[in-house]
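Peer 1: In the numbering used here, the protein residues as written are 1 to 128. A virtual CB, placed ideally from N, CA and C, is assigned to each residue, including glycine.
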């Protein structure tokens, strides 16, 4: 299993304060956060150039395509797991996310330990 400091994360969140807080908390826990992006199209560009190990993706992004559509575009070229983080999760959204390499959802507000557990569980399952 990859160690936390080896796991490269791309955070896609249109609320900069939330994104900065998430980045800081993840880094305190030992993860490497490559970058924060606020738009779906930028997320596609950064994911393809940076090749993160995992993407933490808000579903509803302002000004642009949503997180599920961004993940779908990324995965046409690069298979990367996506952990969706959103305040609004409904059955339709869950169904649409299944078209992507989703490792689950976390509903806002959340505890950082929820994110840590999802990431660790994913990489632990890949190691076995």
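#1: Leaving out the 5 sequence neighbours to the left and right, which residues in its chain are closer than 8 Å to residue 110 when beta-carbon positions are compared?
#2: Which whole-angstrom value describes the C-beta separation of residue 13 and residue 42, a residue pair presumed to lie in contact below a C-beta threshold of 8 Å?
#3: Which residue's Cα is closest to the Cα of residue 75: 94, 20, 61 and 45?
#4: Looking only at its own chain, which residues have a Cβ that is under 8 Å from the Cβ of residue 29, when we skip the five neighbours before and after it?
#5: Between residue 83 and residue 50, is the Cβ-Cβ spacing less than 8 Å?
#6: To the nearest whole angstrom, what separates the beta carbons of residue 69 and residue 104, a pair I think is in contact under 8 Å?
#7: What is the rounded straight-line gap between the Cα of residue 7 and the Cα of residue 108?
#8: Run the CB neighbour count on residue 57, radius 10 Å, all protein chains shown included, and call it buried at 16 or more, exposed below.
#9: Assuming residue 81 contacts residue 101 under a Cβ cut-off of 8 Å, what Cβ separation, rounded to an integer in Å, is found between them?
#10: On the criterion of 16 or more Cβ atoms from any shown chain inside 10 Å, does residue 23 qualify as buried, or is it exposed?
#11: At what residues does the beta strand (DSSP E) containing residue 56 begin and finish?
#12: Could you check which residue in 97, 53, 106 and 99 has the C-alpha nearest to that of residue 31?
#13: Could you check which residue in 77, 106, 73 and 79 has the C-alpha nearest to that of residue 88?
Peer 2: The structure says:
#1: Hits under 8 Å: 85.
#2: Not really, about 12 Å apart at Cβ, beyond 8 Å.
#3: 45
#4: 4, 112 and 116
#5: no
#6: The Cβ separation is near 18 Å, so there is no contact.
#7: 23 Å
#8: buried
#9: 5 Å
#10: buried
#11: 54 to 58
#12: 53
#13: 106
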